[in-house]
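A.B. asks:
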Amino acid sequence: MKKTIFQFWLVNILISITLSVLYRMVISDLNSADNTLFERFISILNILINLGLSTVYLVAIVFSSLSLFLNQIEKIRYNYFLSFLTFSGIPFICVLVLGAEVLIDYYRYDIVLPPLRLLLLFSIVYLICTFVEFLLFRKKVEKIYS
């Protein structure tokens with residue numbers, strides 16, 4: 001069973017790295033015209049915000065992928081809900097927090113920052129990937145222990 005969990009963790013890490021690199025590439029393409037000193041200053045602040053958001057995204061993905069190893073505990077592995085939380089719990093919480101933040105920004109200021117919107121989009125994609133990975137894991141666990 002340890003080998004199976006490790007294989008799913010490797011797949012999760014590959015998905016995480018791919019999404020993190022894609023996110024970093026997409027936010028690096030969000031450029032604005034830098035004509036005046038103030039626009040350059042805003043551009044530098046935008047770069048710092050993007051770096052901060054990509055770092056937060058990477059840390060959340062790392063914690064999420066490490067929680068897969070909790071499936072080595074039999075009580076967690078055999079419980080459908082707890083096993084689901086090890087796969088998709090952290091990404092689900094991140095999507096809820098980011099979704100609330102985007103909605104608050106939209107209704108309060110009538111604007112949503114593009115980096116936040118992209119972070120929400122990539123978090124939803126990661127959540128879907130972890131859900132599919134969880135379903136495959138459950139199928140494999142049921143096959144092994146049936």
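The sequence shown runs contiguously to residue 146 in UniProt numbering.
C-beta atoms are modelled at their ideal positions from N, C-alpha and C, and glycine is treated no differently.
Computed from a predicted model, the values in this text were never measured in an experiment.
1) Which ranges does the alpha helix (DSSP H) cover as unbroken runs of at least 4 residues, wholly within the region 56-87, from first to last along the chain?
2) In chain order, what residues of the same chain have a beta carbon less than 7 Å from the beta carbon of Val26, not counting five sequence neighbours either side?
3) Does the region 85-104 come into contact with the region 43-52, if we say contact requires no fewer than three beta-carbon pairs (one atom in each stretch) closer than 8 Å?
4) Of the residues Lys139, Glu133, Glu39, which one's Cα is nearest the Cα of Val11?
5) For Leu53, which residues of its own chain have a beta-carbon under 6 Å away from its beta-carbon, when the five flanking residues on both sides are left out?
6) For Tyr106, is the classification buried or exposed, using 16 other Cβ atoms within 10 angstroms of its Cβ as the cut-off for buried?
7) Am I right that Thr4 and Ser64 are in contact with their C-beta atoms under 8 Å? What's the rounded C-beta distance?
C.D. replies: The short version:
1) 74-78
2) Leu118
3) no
4) Glu133
5) Pro115, Leu119
6) exposed
7) About 18 Å; that fails the 8 Å criterion.
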